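Below is one structure, written out as C-alpha coordinates; comments come after it.
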Amino acid sequence: MLPYKSLIKLDRGGSVSLYVQVCNQFISLITNGTLQPSDSLPSSRILADLIGINRNTVKLAYEELISQGWAESVERKGIFVLSNLPTSSKIITSEHSENNDLSEAFYWNNPFKTPSSGKDFQKIDLAIDGGFPDVRLAPVDQLMREYRSLSRKFYGKNFLKYGSSKGSEHLRDSICHYLSNTRGLNVSKENLIITKGSQMGIYLAGKLLIGPSDIIAVGSSNYPFADQTFQYLGGKLLRIPIDEQGMDIDHLETVLNHTAIKAVYIIPHHHFPTTVTTSMERRMKLLHLAKKYRFAIIEDDYDFDFHYDNKPYVPLASIDHHHNVIYIGSISKTFAPALRIGFMVGPSAFIDAASSTREFIDKQGDTLLENAFAMMFDSGEMERHFRKSLKIYKQRRNLFCEILASDFKELIDFKIPEGGLAVWADFNKKINLTEVAGKTLKKGLYIEYGDLYKNEVFASNGMRMGFASLNEKEMRLALSILKEAID
91 MLPYKSLIKL
101 DRGGSVSLYV
111 QVCNQFISLI
121 TNGTLQPSDS
131 LPSSRILADL
141 IGINRNTVKL
151 AYEELISQGW
161 AESVERKGIF
171 VLSNLPTSSK
181 IITSEHSENN
191 DLSEAFYWNN
201 PFKTPSSGKD
211 FQKIDLAIDG
221 GFPDVRLAPV
231 DQLMREYRSL
241 SRKFYGKNFL
251 KYGSSKGSEH
261 LRDSICHYLS
271 NTRGLNVSKE
281 NLIITKGSQM
291 GIYLAGKLLI
301 GPSDIIAVGS
311 SNYPFADQTF
321 QYLGGKLLRI
331 PIDEQGMDID
341 HLETVLNHTA
351 IKAVYIIPHH
361 HFPTTVTTSM
371 ERRMKLLHLA
381 KKYRFAIIED
391 DYDFDFHYDN
401 KPYVPLASID
411 HHHNVIYIGS
421 ISKTFAPALR
431 IGFMVGPSAF
441 IDAASSTREF
451 IDKQGDTLLE
461 NAFAMMFDSG
471 EMERHFRKSL
481 KIYKQRRNLF
491 CEILASDFKE
501 LIDFKIPEGG
511 LAVWADFNKK
521 INLTEVAGKT
531 LKKGLYIEYG
541 DLYKNEVFAS
551 NGMRMGFASL
561 NEKEMRLALS
571 ILKEAID
(Lines of atoms letter the chains of each structure in order from A and count residues from 1; the text may use other names and numbers.)
(Lines give C-alpha, C1' and ligand atoms only; values in the text may rest on other atoms or scores of the structure.)
Protein backbone atom coordinates (compact mmCIF):
# COMPACT_ATOMS: atom_id res chain seq x y z
CA MET A 1 0.00 0.00 0.00
CA LEU A 2 1.16 3.53 -0.75
CA PRO A 3 2.35 5.72 2.15
CA TYR A 4 -0.86 7.71 2.29
CA LYS A 5 0.09 9.21 5.63
CA SER A 6 2.82 11.23 3.90
CA LEU A 7 1.11 11.58 0.50
CA ILE A 8 -2.13 13.16 1.74
CA LYS A 9 -1.52 16.51 3.42
CA LEU A 10 -4.52 18.28 4.99
CA ASP A 11 -4.98 21.89 6.01
CA ARG A 12 -7.27 21.53 9.01
CA GLY A 13 -7.63 25.28 9.46
CA GLY A 14 -8.34 26.02 5.81
CA SER A 15 -11.58 27.13 4.23
CA VAL A 16 -11.86 24.00 2.03
CA SER A 17 -13.73 21.05 3.56
CA LEU A 18 -11.57 18.10 4.60
CA TYR A 19 -13.43 15.65 2.37
CA VAL A 20 -12.85 17.93 -0.64
CA GLN A 21 -9.15 18.16 0.25
CA VAL A 22 -8.92 14.34 0.41
CA CYS A 23 -10.76 14.03 -2.90
CA ASN A 24 -8.45 16.55 -4.57
CA GLN A 25 -5.35 14.80 -3.21
CA PHE A 26 -6.50 11.51 -4.72
CA ILE A 27 -7.18 13.21 -8.06
CA SER A 28 -3.62 14.55 -7.99
CA LEU A 29 -2.23 11.06 -7.25
CA ILE A 30 -4.19 9.67 -10.20
CA THR A 31 -3.22 12.39 -12.68
CA ASN A 32 0.48 12.33 -11.78
CA GLY A 33 0.64 8.55 -12.27
CA THR A 34 1.10 7.51 -8.63
CA LEU A 35 -2.25 5.71 -8.82
CA GLN A 36 -3.06 3.80 -12.01
CA PRO A 37 -6.42 2.65 -13.46
CA SER A 38 -7.93 -0.27 -11.45
CA ASP A 39 -5.63 0.35 -8.44
CA SER A 40 -7.48 -0.27 -5.20
CA LEU A 41 -7.92 2.50 -2.64
CA PRO A 42 -7.60 1.81 1.10
CA SER A 43 -10.78 1.16 3.03
CA SER A 44 -12.39 4.14 4.67
CA ARG A 45 -11.47 2.81 8.12
CA ILE A 46 -7.78 2.29 7.28
CA LEU A 47 -7.38 5.67 5.53
CA ALA A 48 -9.17 7.46 8.37
CA ASP A 49 -6.71 5.96 10.86
CA LEU A 50 -3.70 6.77 8.66
CA ILE A 51 -4.45 10.46 8.13
CA GLY A 52 -6.29 11.09 11.38
CA ILE A 53 -9.79 12.09 10.26
CA ASN A 54 -13.33 10.79 10.75
CA ARG A 55 -14.27 7.73 8.72
CA ASN A 56 -17.42 9.45 7.43
CA THR A 57 -15.21 12.20 5.98
CA VAL A 58 -13.31 9.58 3.98
CA LYS A 59 -16.59 8.08 2.78
CA LEU A 60 -17.70 11.53 1.55
CA ALA A 61 -14.39 11.94 -0.27
CA TYR A 62 -14.79 8.55 -1.98
CA GLU A 63 -18.37 9.39 -2.97
CA GLU A 64 -17.11 12.63 -4.52
CA LEU A 65 -14.37 10.77 -6.43
CA ILE A 66 -16.97 8.33 -7.80
CA SER A 67 -19.41 11.12 -8.75
CA GLN A 68 -16.65 12.98 -10.63
CA GLY A 69 -15.69 9.84 -12.56
CA TRP A 70 -12.28 9.17 -10.99
CA ALA A 71 -13.18 6.02 -9.07
CA GLU A 72 -15.70 3.17 -9.00
CA SER A 73 -17.18 0.99 -6.27
CA VAL A 74 -17.06 -2.77 -6.81
CA GLU A 75 -19.50 -4.70 -4.59
CA ARG A 76 -17.83 -6.74 -1.81
CA LYS A 77 -14.35 -5.68 -3.10
CA GLY A 78 -14.00 -1.99 -2.38
CA ILE A 79 -13.16 1.28 -4.11
CA PHE A 80 -10.90 1.31 -7.20
CA VAL A 81 -9.48 3.90 -9.57
CA LEU A 82 -11.76 3.89 -12.61
CA SER A 83 -10.57 1.09 -14.87
CA ASN A 84 -11.13 2.83 -18.20
CA LEU A 85 -9.14 5.97 -17.39
CA PRO A 86 -6.13 6.54 -19.69
CA THR A 87 -2.88 5.35 -18.13
CA SER A 88 -0.70 8.19 -16.80
CA SER A 89 3.08 7.91 -16.74
CA LYS A 90 4.61 8.50 -13.31
CA ILE A 91 5.91 12.04 -12.88
CA ILE A 92 9.28 12.08 -11.11
CA THR A 93 9.65 15.03 -8.78
CA SER A 94 12.36 16.02 -6.36
CA GLU A 95 11.71 17.32 -2.90
CA HIS A 96 13.94 20.27 -3.76
CA SER A 97 12.48 21.05 -7.20
CA GLU A 98 10.45 24.19 -7.88
CA ASN A 99 7.16 22.74 -9.05
CA ASN A 100 5.64 26.17 -9.77
CA ASP A 101 7.96 26.74 -12.76
CA LEU A 102 5.98 25.02 -15.52
CA SER A 103 8.02 23.87 -18.51
CA GLU A 104 6.80 24.53 -22.05
CA ALA A 105 4.96 21.47 -23.28
CA PHE A 106 3.38 22.99 -26.39
CA TYR A 107 4.34 25.07 -29.42
CA TRP A 108 3.50 28.78 -29.49
CA ASN A 109 4.51 31.96 -31.24
CA ASN A 110 6.70 34.32 -29.24
CA PRO A 111 7.57 37.51 -31.11
CA PHE A 112 9.10 39.01 -27.98
CA LYS A 113 12.86 38.51 -27.73
CA THR A 114 13.01 39.61 -24.10
CA PRO A 115 10.58 39.49 -21.16
CA SER A 116 8.35 42.48 -20.49
CA SER A 117 10.36 45.42 -19.18
CA GLY A 118 7.40 46.82 -17.25
CA LYS A 119 8.59 47.79 -13.76
CA ASP A 120 6.36 47.17 -10.75
CA PHE A 121 6.38 50.62 -9.17
CA GLN A 122 3.95 49.42 -6.50
CA LYS A 123 6.96 47.74 -4.86
CA ILE A 124 9.29 50.76 -5.16
CA ASP A 125 9.44 53.37 -2.42
CA LEU A 126 11.75 55.93 -4.06
CA ALA A 127 12.14 56.42 -7.80
CA ILE A 128 13.12 58.93 -10.43
CA ASP A 129 10.60 57.57 -12.92
CA GLY A 130 9.97 58.44 -16.56
CA GLY A 131 7.38 61.09 -15.73
CA PHE A 132 4.44 59.84 -13.66
CA PRO A 133 1.90 61.92 -11.72
CA ASP A 134 1.93 61.95 -7.94
CA VAL A 135 -0.92 59.61 -7.06
CA ARG A 136 -1.08 61.17 -3.58
CA LEU A 137 -2.53 64.31 -5.16
CA ALA A 138 -5.34 62.48 -6.96
CA PRO A 139 -8.80 62.99 -5.41
CA VAL A 140 -9.33 59.25 -5.11
CA ASP A 141 -11.69 59.61 -2.13
CA GLN A 142 -14.08 61.71 -4.21
CA LEU A 143 -13.82 59.25 -7.09
CA MET A 144 -14.62 56.33 -4.80
CA ARG A 145 -17.57 58.22 -3.33
CA GLU A 146 -18.98 58.68 -6.81
CA TYR A 147 -18.30 55.00 -7.53
CA ARG A 148 -20.10 53.82 -4.39
CA SER A 149 -22.96 56.25 -4.93
CA LEU A 150 -23.56 54.96 -8.46
CA SER A 151 -23.38 51.33 -7.38
CA ARG A 152 -26.11 51.90 -4.78
CA LYS A 153 -28.58 53.60 -7.09
CA PHE A 154 -31.10 51.52 -8.94
CA TYR A 155 -30.00 52.81 -12.36
CA GLY A 156 -26.36 52.21 -11.39
CA LYS A 157 -26.99 48.46 -11.34
CA ASN A 158 -27.33 48.63 -15.13
CA PHE A 159 -23.63 49.56 -15.31
CA LEU A 160 -22.82 46.08 -14.04
CA LYS A 161 -24.22 44.56 -17.24
CA TYR A 162 -22.45 44.34 -20.58
CA GLY A 163 -22.35 47.73 -22.24
CA SER A 164 -20.89 49.40 -25.31
CA SER A 165 -17.28 48.56 -26.14
CA LYS A 166 -16.89 52.27 -26.93
CA GLY A 167 -17.24 52.93 -23.21
CA SER A 168 -19.61 54.87 -21.01
CA GLU A 169 -21.80 57.25 -23.02
CA HIS A 170 -21.76 59.68 -20.08
CA LEU A 171 -17.95 59.77 -19.93
CA ARG A 172 -17.68 60.13 -23.70
CA ASP A 173 -19.98 63.15 -23.52
CA SER A 174 -17.99 64.59 -20.60
CA ILE A 175 -14.64 64.16 -22.35
CA CYS A 176 -16.01 65.68 -25.57
CA HIS A 177 -17.11 68.72 -23.54
CA TYR A 178 -13.71 68.88 -21.82
CA LEU A 179 -11.81 68.63 -25.13
CA SER A 180 -13.91 71.44 -26.56
CA ASN A 181 -13.23 73.71 -23.57
CA THR A 182 -9.52 73.02 -23.22
CA ARG A 183 -8.31 72.21 -26.74
CA GLY A 184 -10.89 73.66 -29.09
CA LEU A 185 -11.52 70.12 -30.34
CA ASN A 186 -15.21 69.89 -31.21
CA VAL A 187 -16.32 66.28 -31.66
CA SER A 188 -19.33 64.20 -30.70
CA LYS A 189 -19.38 61.02 -28.63
CA GLU A 190 -19.66 59.03 -31.86
CA ASN A 191 -16.11 60.13 -32.64
CA LEU A 192 -14.68 58.91 -29.34
CA ILE A 193 -13.90 55.56 -27.73
CA ILE A 194 -12.83 55.08 -24.12
CA THR A 195 -9.68 52.93 -23.84
CA LYS A 196 -7.61 51.37 -21.07
CA GLY A 197 -5.04 54.15 -21.26
CA SER A 198 -3.23 55.56 -24.28
CA GLN A 199 -1.40 52.28 -25.01
CA MET A 200 -4.66 50.58 -25.98
CA GLY A 201 -5.41 53.50 -28.28
CA ILE A 202 -2.00 53.12 -29.95
CA TYR A 203 -2.61 49.40 -30.44
CA LEU A 204 -6.12 49.83 -31.84
CA ALA A 205 -5.05 52.57 -34.24
CA GLY A 206 -2.06 50.55 -35.39
CA LYS A 207 -4.13 47.39 -35.80
CA LEU A 208 -6.57 49.17 -38.13
CA LEU A 209 -3.94 51.08 -40.10
CA ILE A 210 -0.96 48.78 -40.45
CA GLY A 211 -0.66 45.54 -42.36
CA PRO A 212 2.42 43.37 -42.95
CA SER A 213 5.32 45.48 -44.28
CA ASP A 214 3.29 48.72 -44.27
CA ILE A 215 5.45 51.72 -43.42
CA ILE A 216 4.76 54.06 -40.50
CA ALA A 217 6.86 57.16 -39.91
CA VAL A 218 8.04 57.72 -36.33
CA GLY A 219 10.59 59.94 -34.64
CA SER A 220 14.29 59.08 -34.59
CA SER A 221 13.79 59.02 -30.84
CA ASN A 222 10.35 57.79 -29.90
CA TYR A 223 8.09 56.20 -27.31
CA PRO A 224 9.56 52.66 -27.22
CA PHE A 225 6.25 50.88 -26.64
CA ALA A 226 4.71 52.58 -29.68
CA ASP A 227 7.65 51.39 -31.80
CA GLN A 228 7.27 47.86 -30.48
CA THR A 229 3.50 47.89 -31.03
CA PHE A 230 3.82 48.89 -34.69
CA GLN A 231 6.55 46.31 -35.28
CA TYR A 232 4.49 43.62 -33.53
CA LEU A 233 1.66 44.41 -35.95
CA GLY A 234 4.00 43.83 -38.89
CA GLY A 235 4.79 47.45 -39.70
CA LYS A 236 8.15 48.84 -40.76
CA LEU A 237 9.41 51.93 -38.98
CA LEU A 238 10.59 54.92 -40.99
CA ARG A 239 12.71 57.10 -38.71
CA ILE A 240 12.30 60.87 -39.09
CA PRO A 241 14.81 63.19 -37.35
CA ILE A 242 13.77 65.05 -34.21
CA ASP A 243 15.35 68.44 -33.45
CA GLU A 244 14.57 71.42 -31.23
CA GLN A 245 11.38 72.12 -33.22
CA GLY A 246 10.11 68.56 -33.08
CA MET A 247 9.74 66.18 -36.01
CA ASP A 248 11.56 67.33 -39.16
CA ILE A 249 8.61 67.57 -41.57
CA ASP A 250 10.81 68.81 -44.44
CA HIS A 251 12.72 65.54 -44.21
CA LEU A 252 9.42 63.65 -44.18
CA GLU A 253 8.31 65.48 -47.33
CA THR A 254 11.52 64.47 -49.11
CA VAL A 255 10.93 60.84 -48.18
CA LEU A 256 7.31 60.98 -49.37
CA ASN A 257 8.49 61.81 -52.89
CA HIS A 258 9.63 58.21 -53.29
CA THR A 259 8.11 56.23 -50.38
CA ALA A 260 4.46 55.52 -49.59
CA ILE A 261 3.50 55.42 -45.92
CA LYS A 262 0.32 54.45 -44.10
CA ALA A 263 0.67 56.72 -41.08
CA VAL A 264 2.80 59.09 -39.04
CA TYR A 265 2.99 58.61 -35.28
CA ILE A 266 3.85 61.89 -33.60
CA ILE A 267 3.92 63.33 -30.07
CA PRO A 268 3.88 67.04 -30.94
CA HIS A 269 3.09 68.55 -27.55
CA HIS A 270 5.89 67.11 -25.38
CA HIS A 271 7.83 64.64 -27.50
CA PHE A 272 8.69 61.37 -25.79
CA PRO A 273 11.38 61.05 -24.58
CA THR A 274 13.05 64.42 -25.28
CA THR A 275 10.09 66.71 -24.29
CA VAL A 276 10.55 69.09 -27.29
CA THR A 277 7.46 70.75 -28.79
CA THR A 278 6.72 70.62 -32.52
CA SER A 279 6.46 74.12 -34.01
CA MET A 280 3.16 75.35 -35.45
CA GLU A 281 4.73 75.74 -38.89
CA ARG A 282 5.67 72.06 -38.93
CA ARG A 283 2.25 71.04 -37.63
CA MET A 284 0.51 72.86 -40.46
CA LYS A 285 2.86 71.36 -43.03
CA LEU A 286 2.28 67.85 -41.67
CA LEU A 287 -1.48 68.31 -42.02
CA HIS A 288 -0.98 69.50 -45.60
CA LEU A 289 1.14 66.43 -46.42
CA ALA A 290 -1.39 64.08 -44.83
CA LYS A 291 -4.13 65.49 -47.07
CA LYS A 292 -1.92 65.34 -50.17
CA TYR A 293 -0.55 61.82 -49.65
CA ARG A 294 -3.60 60.40 -47.86
CA PHE A 295 -1.91 58.99 -44.78
CA ALA A 296 -3.17 59.01 -41.21
CA ILE A 297 -1.64 60.97 -38.35
CA ILE A 298 -1.67 59.24 -34.96
CA GLU A 299 -1.33 62.12 -32.51
CA ASP A 300 -0.32 60.96 -29.03
CA ASP A 301 -1.16 63.78 -26.61
CA TYR A 302 -0.62 61.96 -23.34
CA ASP A 303 0.05 65.01 -21.12
CA PHE A 304 -1.59 68.08 -22.70
CA ASP A 305 -2.95 69.20 -19.32
CA PHE A 306 0.50 69.97 -17.89
CA HIS A 307 2.01 73.06 -19.49
CA TYR A 308 3.63 75.66 -17.25
CA ASP A 309 5.06 78.76 -18.93
CA ASN A 310 2.59 79.73 -21.64
CA LYS A 311 -0.59 78.60 -23.31
CA PRO A 312 0.06 75.28 -25.11
CA TYR A 313 -0.41 74.88 -28.84
CA VAL A 314 -3.73 73.36 -29.78
CA PRO A 315 -3.47 69.74 -30.91
CA LEU A 316 -3.21 68.77 -34.57
CA ALA A 317 -6.67 67.25 -34.24
CA SER A 318 -8.13 70.68 -33.38
CA ILE A 319 -6.96 72.23 -36.67
CA ASP A 320 -7.45 69.17 -38.88
CA HIS A 321 -10.23 69.94 -41.36
CA HIS A 322 -9.74 66.89 -43.57
CA HIS A 323 -10.16 64.10 -40.97
CA ASN A 324 -6.62 62.73 -41.18
CA VAL A 325 -5.84 62.81 -37.45
CA ILE A 326 -6.46 60.09 -34.89
CA TYR A 327 -6.13 61.74 -31.49
CA ILE A 328 -5.09 59.72 -28.42
CA GLY A 329 -5.19 61.03 -24.86
CA SER A 330 -4.94 59.69 -21.33
CA ILE A 331 -6.54 60.38 -17.98
CA SER A 332 -4.29 57.75 -16.38
CA LYS A 333 -1.23 59.93 -17.01
CA THR A 334 -2.83 62.92 -15.31
CA PHE A 335 -4.71 61.20 -12.47
CA ALA A 336 -3.21 57.84 -11.50
CA PRO A 337 -1.52 55.27 -13.78
CA ALA A 338 -3.33 52.23 -12.34
CA LEU A 339 -6.78 53.68 -13.12
CA ARG A 340 -6.74 52.76 -16.78
CA ILE A 341 -8.79 55.43 -18.53
CA GLY A 342 -7.82 56.89 -21.89
CA PHE A 343 -9.57 57.89 -25.09
CA MET A 344 -9.17 57.93 -28.85
CA VAL A 345 -10.84 60.38 -31.22
CA GLY A 346 -11.28 59.88 -34.96
CA PRO A 347 -13.80 59.64 -37.80
CA SER A 348 -16.96 57.86 -36.61
CA ALA A 349 -16.50 54.89 -38.98
CA PHE A 350 -12.93 54.46 -37.75
CA ILE A 351 -14.09 54.57 -34.12
CA ASP A 352 -16.77 51.96 -34.92
CA ALA A 353 -14.05 49.69 -36.35
CA ALA A 354 -11.84 50.32 -33.30
CA SER A 355 -14.77 49.39 -31.06
CA SER A 356 -15.25 46.10 -32.92
CA THR A 357 -11.51 45.38 -32.76
CA ARG A 358 -11.41 46.11 -29.04
CA GLU A 359 -13.99 43.39 -28.40
CA PHE A 360 -11.48 40.72 -29.42
CA ILE A 361 -9.16 41.59 -26.53
CA ASP A 362 -11.40 43.37 -24.01
CA LYS A 363 -15.19 43.41 -24.29
CA GLN A 364 -15.48 46.70 -22.43
CA GLY A 365 -13.99 48.76 -19.64
CA ASP A 366 -15.19 49.26 -16.07
CA THR A 367 -18.46 51.09 -16.78
CA LEU A 368 -18.99 52.02 -13.13
CA LEU A 369 -15.52 53.56 -12.93
CA GLU A 370 -16.02 55.37 -16.23
CA ASN A 371 -19.30 56.86 -15.04
CA ALA A 372 -17.68 57.85 -11.74
CA PHE A 373 -15.05 59.76 -13.72
CA ALA A 374 -17.83 61.38 -15.73
CA MET A 375 -19.37 62.64 -12.49
CA MET A 376 -15.96 64.03 -11.52
CA PHE A 377 -15.80 65.97 -14.80
CA ASP A 378 -19.38 67.21 -14.42
CA SER A 379 -18.80 68.45 -10.84
CA GLY A 380 -15.62 70.30 -11.82
CA GLU A 381 -13.49 68.08 -9.57
CA MET A 382 -11.23 66.99 -12.42
CA GLU A 383 -10.59 70.59 -13.45
CA ARG A 384 -9.79 71.53 -9.83
CA HIS A 385 -7.41 68.56 -9.65
CA PHE A 386 -5.63 69.65 -12.83
CA ARG A 387 -5.27 73.24 -11.58
CA LYS A 388 -3.93 72.14 -8.18
CA SER A 389 -1.55 69.59 -9.71
CA LEU A 390 -0.29 72.06 -12.30
CA LYS A 391 0.74 74.53 -9.60
CA ILE A 392 2.51 71.85 -7.53
CA TYR A 393 4.23 70.25 -10.52
CA LYS A 394 5.54 73.62 -11.69
CA GLN A 395 7.12 74.19 -8.27
CA ARG A 396 8.64 70.71 -8.37
CA ARG A 397 9.93 71.21 -11.90
CA ASN A 398 11.64 74.45 -10.87
CA LEU A 399 13.27 72.92 -7.79
CA PHE A 400 14.33 69.80 -9.70
CA CYS A 401 15.98 71.86 -12.43
CA GLU A 402 17.67 74.13 -9.88
CA ILE A 403 19.28 71.12 -8.21
CA LEU A 404 20.35 69.66 -11.56
CA ALA A 405 21.90 72.98 -12.57
CA SER A 406 23.80 73.41 -9.29
CA ASP A 407 24.79 69.84 -8.35
CA PHE A 408 25.11 68.13 -11.73
CA LYS A 409 27.04 70.74 -13.69
CA GLU A 410 29.31 69.05 -16.27
CA LEU A 411 27.47 65.80 -15.59
CA ILE A 412 24.04 66.41 -17.13
CA ASP A 413 22.96 68.57 -20.06
CA PHE A 414 19.28 69.50 -20.00
CA LYS A 415 16.74 72.17 -20.85
CA ILE A 416 13.93 73.25 -18.58
CA PRO A 417 10.80 71.68 -20.10
CA GLU A 418 7.85 73.97 -20.86
CA GLY A 419 5.48 71.26 -19.73
CA GLY A 420 5.09 67.60 -18.98
CA LEU A 421 6.22 65.66 -15.95
CA ALA A 422 9.86 64.91 -16.78
CA VAL A 423 13.20 66.41 -17.82
CA TRP A 424 15.19 64.90 -20.66
CA ALA A 425 18.74 64.58 -19.33
CA ASP A 426 21.80 63.93 -21.51
CA PHE A 427 24.51 62.48 -19.28
CA ASN A 428 28.23 62.89 -19.79
CA LYS A 429 29.35 60.09 -22.10
CA LYS A 430 31.82 58.85 -19.47
CA ILE A 431 28.91 57.96 -17.17
CA ASN A 432 27.66 54.38 -17.49
CA LEU A 433 23.96 54.71 -16.70
CA THR A 434 23.46 50.97 -16.28
CA GLU A 435 26.16 50.85 -13.61
CA VAL A 436 24.78 53.98 -11.95
CA ALA A 437 21.27 52.46 -11.88
CA GLY A 438 22.68 49.38 -10.15
CA LYS A 439 24.42 51.51 -7.52
CA THR A 440 21.38 53.67 -6.78
CA LEU A 441 19.16 50.59 -6.47
CA LYS A 442 21.39 49.27 -3.70
CA LYS A 443 20.77 52.54 -1.86
CA GLY A 444 17.00 52.33 -2.28
CA LEU A 445 16.56 54.50 -5.39
CA TYR A 446 15.24 53.21 -8.70
CA ILE A 447 16.21 55.09 -11.85
CA GLU A 448 15.76 54.22 -15.50
CA TYR A 449 18.86 53.20 -17.38
CA GLY A 450 19.79 54.71 -20.73
CA ASP A 451 19.24 51.65 -22.94
CA LEU A 452 15.46 51.97 -22.58
CA TYR A 453 15.31 54.82 -25.14
CA LYS A 454 17.97 53.64 -27.56
CA ASN A 455 17.09 52.27 -30.99
CA GLU A 456 18.78 51.66 -34.31
CA VAL A 457 19.40 55.38 -34.93
CA PHE A 458 19.14 57.00 -31.49
CA ALA A 459 21.95 56.26 -29.05
CA SER A 460 21.99 59.20 -26.65
CA ASN A 461 23.42 58.55 -23.18
CA GLY A 462 20.27 60.00 -21.69
CA MET A 463 17.11 59.28 -19.77
CA ARG A 464 13.86 60.89 -18.72
CA MET A 465 13.94 62.13 -15.15
CA GLY A 466 10.46 62.48 -13.71
CA PHE A 467 10.01 65.15 -11.08
CA ALA A 468 6.24 65.19 -10.56
CA SER A 469 5.91 62.12 -8.34
CA LEU A 470 8.53 63.37 -5.82
CA ASN A 471 7.85 65.85 -3.03
CA GLU A 472 10.67 68.22 -2.00
CA LYS A 473 12.15 65.91 0.65
CA GLU A 474 12.05 62.86 -1.65
CA MET A 475 13.49 64.87 -4.53
CA ARG A 476 16.50 66.07 -2.54
CA LEU A 477 17.15 62.57 -1.22
CA ALA A 478 16.81 60.94 -4.64
CA LEU A 479 19.14 63.41 -6.35
CA SER A 480 21.71 63.15 -3.56
CA ILE A 481 21.77 59.35 -3.98
CA LEU A 482 22.15 59.77 -7.75
CA LYS A 483 24.98 62.27 -7.30
CA GLU A 484 26.78 59.97 -4.90
CA ALA A 485 26.41 57.03 -7.29
CA ILE A 486 27.87 59.07 -10.17
CA ASP A 487 30.75 60.41 -8.09
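Just so we're aligned, residue 91 is where the sequence shown starts under the numbering used here, counting upward by one. Using N, Cα and C, we set each Cβ at its ideal position, and we do this for glycine too. Just so it is clear, the structure is predicted and the values come from calculations on it, not from any experiment.
E162 sits in a strand when the DSSP states are folded into three classes.
Look at the region 252-278 and you find these whole runs of alpha helix (DSSP H), each 4 residues long or longer: 259-273. In the DSSP assignment, G552 is bridged to D516. By the criterion of at least three beta-carbon pairs nearer than 8 Å, the region 333-340 is in contact with the region 351-362. L299 sits in a helix when the DSSP states are folded into three classes. Judged by beta-carbon spacing, I136 lies beyond the 8 Å limit of Y152, meaning their Cβ atoms are not closer than that value.
Excluding its 5 nearest sequence neighbours in each direction, L328 has C-beta neighbours in its own chain below 8 Å: I305, I306, A307, V308, V345, T349 and I351, listed in chain order. When DSSP states are grouped into helix, strand and coil, M91 belongs to the coil group. Contact check for S270 against G432 fails: the beta carbons are separated by 8 Å or more. Beta-carbon to beta-carbon, H341 and K381 are separated by about 19 Å, too far to satisfy the 8 Å threshold. Using a Cβ-Cβ distance cut-off of 8 Å, the region 388-401 and the region 242-260 are not in contact, since fewer than three pairs of beta carbons, one from each stretch, lie closer than that value. Taking 8 Å as the cut-off, the Cβ atoms of K563 and L227 do not count as close. In the three-state reduction of the DSSP assignment, H411 falls in the coil class.
Annotation for G432: the continuous beta strand (DSSP E) segment containing it runs G432 to V435.
Between K286 and R430, the C-beta spacing is below 8 Å. Taking the Cβ atoms as the reference, I576 lies roughly 6 Å from L501, within the contact range of under 8 Å.
About 17 Å separates the beta carbons of V404 and L282, which is beyond the 8 Å limit, so they are not a contact pair. Pairing K95 with I141 gives a Cβ-Cβ distance under 8 Å.
Nearest to F315 by alpha-carbon distance, out of I571, A558, M555 and N545, is N545.
With fewer than 16 neighbouring CB atoms inside 10 Å of its own CB, V164 falls in the exposed class. In terms of CA proximity to D395, F476 leads the group K375, F476 and S446. Listed as beta-bridge partners of F170 by DSSP are S130 and E162. H341 sits in a helix when the DSSP states are folded into three classes. For the options S496, F425 and L535, the alpha carbon positioned closest to that of L511 is the one of F425. Under the DSSP definition of a beta bridge, K326 partners with I305. According to DSSP, residue pairing for A217 in a beta bridge involves Y536.
Taking 8 Å as the cut-off, the beta carbon of P201 is found closer than this to the beta carbon of Y322. By the CB criterion at 8 Å, L275 and A407 fall inside the cutoff.
In the DSSP assignment, Y355 falls within the unbroken beta strand (DSSP E) covering A353 to I356. Straight-line measurement puts the Cα of A464 at about 14 Å from the Cα of G455. In terms of Cβ geometry, L240 and M466 do not form a close pair [threshold 8 Å]. Secondary structure of T285 (DSSP, three-state): strand.
A straight-line Cα-Cα distance of about 20 Å links T530 and S496. Contact between V513 and C491 holds, with the beta-carbon distance rounding to 7 Å and staying under 8 Å. Assignment of S241 by DSSP, reduced to helix, strand and coil, places it in the helix class. Distance from the CA of G103 to the CA of G534, rounded to the nearest whole angstrom, comes to 38 Å.
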